[in-house]
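In the working numbering, the protein residues as written are 15 to 110. The C-beta atom is built at its ideal place from N, Cα and C for all residues, glycine as well. Quick caveat: nothing in here was measured; it's all calculated off a predicted structure. Contents: one structure, followed by commentary.
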């Protein structure tokens with residue numbers, strides 16, 4: 015997990031330029047249960063006044079996949095399923 019966190023944290027300046035205000039790791043990587051073929055589950059909050067649309071989010075996801083060479087599941091905090099949101103937020107690790 016620490017390797018993914020360090021790599022993601024190194025991307026903070028570029029992600030902030032793209033409108034990401036804060037980024038969180040969750041799922042198997044956050045729980046320390048990731049396998050070699052596990053994807054990276056992330057959610058984020060928009061930076062103030064960012065007004066990101068779906069194409070922006072897809073662009074950020076592709077940017078992360080290209081840089082990290084891994085499948086990334088990226089979503090906004092607001093798009094987390096209401097029944098799962100509390101559990102996801104409780105296990106999430108702040109990247110920045």
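Taking the alpha carbon of residue 95 as the point to measure from, which residue in 72, 57, 20, 43 has its own alpha carbon closest?
As a working note, residue 95 is residue 81 in the chain shown. Residue 95 has its Cα closest to that of 57, out of 72, 57, 20, 43.
Specify the secondary structure class of residue 36 as computed by DSSP and reduced to three states.
As a position in the chain shown, residue 36 is number 22, starting the count at 1. Residue 36: strand per DSSP, three-state reduction.
To test your reading of the DSSP string, which unbroken beta strand (DSSP E) runs of 3 or more residues are found completely within the region 20 to 104?
34 to 40, 54 to 60, 86 to 90
Could you check if residue 33 is buried or exposed, using at least 16 other CB atoms within 10 Å of its CB as the buried criterion?
Here residue 33 corresponds to residue number 19 of the chain shown, with the count starting at 1. Looking at its Cβ environment, which holds 16 or more other Cβ atoms inside 10 Å, residue 33 is buried.
Tell me which same chain residues have a C-beta within less than 8 Å of the C-beta of residue 49, skipping the five on either side of it?
For the purposes of this step, residue 49 is taken as the residue at position 35 of the chain shown. Counting only Cβ-Cβ distances below 8 Å, and skipping sequence neighbours, we find 42.
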